[in-house]
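Here is the structure we will look at, set down as structure tokens.
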Amino acid sequence: MTKSKILLIILLMGLFGLIYHEATHVYGAAKSYSTILPDTEKKINAGIDNVLVKTIKHKNVVNIEGWAYINGVKADQQKAFFVLASHDKQYILQAEKVSRGDLPAALNDSSDGVENSGVKALINASNIADGSYQLGFYIENGSDKAYSLVGYSLIKAEGKLECKENVNQKVDFQLNNTATQEINANVESVSKEGETYKLKGWGFLEGKPSKDSQVYVVLKQKDSNTVLFFDTQYQIRKDVVAYYKDNDVEYSGFKAIISEEELKGKQYSIGVFIVNGSSTGIYWSKESIGE
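Printed below as a string of structure tokens:
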């Protein structure tokens, strides 16, 4: 074989390689990152604004936009990552920083540099094994490191991909008259979206730090003794801090998504139940859900 033929073959192989790369490579996909994650805890203030599952070059991808920062630590120099975690696997993916001038007013927070906390990522799901994953944020900011879940799941199975908000789970409590602490709370919004109800509000026990409290939505069936309890996703509420002039109430926010199936066609009054060690408190709102 002549040198010219060998050179031609090499050039053709290189050309085919380039064509294949262009046909299959997802440009802008988030790069993986390796570290040992800390335990999840209430340190990150975060939100997911938009999730879009789509196909690029015959590959399933997820475009995620949101914001995240470590509470009380300026976000200017932080590095943020999206985390996908299952019972036996985890993927840590670098997030791209996005300027968010709307956040200081929206979060009532002008001291943490939250305008620099916007994030987005394009996740190439072809690099992720089949399974069900919880979505979270991992943040490095100087010596501060924090990891928290955000109430979303990514499910990949048999070539299909879905990303959705988690439905909150029922928990086992018995409603009685043993509430020991004064409670301040409010159910701010209740909306029905498809086959779920979305609830948002805040609540805290007087004299108890909200960071150490567990907040539950409690539903009492009208004209019946049936009572249901659901866990919630915490939210940091700087506006509640400003109103009560008390930093201990900043983790008082909550949101919950409840499946319509759990209500079994009945109507329920909505309450807030809070536990902090041996202290408990309950609040009943004027709101209701169900038929």
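All residue numbers for the sequence shown refer to our numbering, where the first residue is 1186 and numbers rise by one. Note that the Cβ used here is the ideal one computed from N, Cα and C, for glycine as well. The structure displayed is predicted, hence computed values, not measured ones.
Through-space distance from residue j to residue i, alpha-carbon basis
{"i": "Val1372", "j": "Lys1341", "result": "34 Å"}
{"i": "Tyr1205", "j": "Leu1346", "result": "Note that Tyr1205 scores 49 on pLDDT, short of 50, meaning its location in the model is unreliable and no value can be drawn from it."}
{"i": "Thr1381", "j": "Ala1427", "result": "32 Å"}
{"i": "Ile1474", "j": "Ser1464", "result": "28 Å"}
{"i": "Ala1306", "j": "Val1246", "result": "10 Å"}
{"i": "Ile1459", "j": "Val1400", "result": "5 Å"}
{"i": "Lys1282", "j": "Ile1308", "result": "15 Å"}
{"i": "Gly1298", "j": "Ala1260", "result": "5 Å"}
{"i": "Gly1485", "j": "Ala1290", "result": "Outside the shown range of the chain (1186 to 1476) lies residue 1485, about which nothing can therefore be said."}
{"i": "Ala1314", "j": "Asp1224", "result": "23 Å"}
{"i": "Gly1438", "j": "Ser1333", "result": "15 Å"}
{"i": "Gln1420", "j": "Val1402", "result": "14 Å"}
{"i": "Tyr1468", "j": "Ser1302", "result": "34 Å"}
{"i": "Asn1369", "j": "Ile1221", "result": "38 Å"}
{"i": "Leu1404", "j": "Leu1390", "result": "19 Å"}
{"i": "Glu1250", "j": "Gly1388", "result": "28 Å"}
{"i": "Glu1472", "j": "Phe1266", "result": "37 Å"}
{"i": "Ala1253", "j": "His1272", "result": "24 Å"}
{"i": "Ser1470", "j": "Lys1274", "result": "41 Å"}
{"i": "Lys1440", "j": "Asp1294", "result": "19 Å"}
{"i": "Lys1393", "j": "Gly1462", "result": "10 Å"}
{"i": "Lys1244", "j": "Gln1279", "result": "19 Å"}
Residues that residue i bridges to, as DSSP identifies them
{"i": "Gln1453", "result": "In the sequence on display, residue 1453 carries Tyr and not Gln. In DSSP, Tyr1453 forms a bridge with Gln1406 and Ile1474."}
{"i": "Gln1275", "result": "Ala1270"}
{"i": "Asp1251", "result": "The residue you asked about is not Asp; residue 1251 is Gly in the sequence shown. Gly1251 is bridged to Ile1233 and Val1304."}
{"i": "Glu1325", "result": "Lys1264 and Lys1330"}
{"i": "Ala1374", "result": "Here the sequence assigns Ser to residue 1374, which means Ala is not the residue at that position. The partner list for Ser1374 (beta bridge, DSSP) reads Lys1385."}
{"i": "Ser1338", "result": "Gln1319 and Lys1349"}
Residue i Cβ short of 7 Å to the ligand GDP heavy atom set
{"i": "Asn1293", "result": "Summarising the ligand content, the structure contains no ligands, and the ligand GDP is consequently not present."}
Limits of the beta strand (DSSP E) - the one that residue i falls within
{"i": "Leu1448", "result": "Unbroken run through Leu1448: none, as it is neither H nor E."}
{"i": "Asp1416", "result": "Val1412 to Asp1416"}
{"i": "Lys1282", "result": "Glu1281 to Val1283"}
Practice prompt. Kindly provide the ranges of any beta strand (DSSP E) runs that are 3 or more residues long and lie completely inside the segment 1340-1369, ordered along the chain.
Written response: 1345-1350
Item to complete: Give a yes or no on contact between the segment 1430-1444 and the segment 1234-1242, applying the rule of three or more CB pairs nearer than 8 Å.
Response: no
Practice prompt. Assess, as a yes-or-no matter, whether the segment 1319-1326 is touched by the segment 1447-1456 under the definition of 3 or more beta carbon pairs within less than 8 Å.
Written response: no
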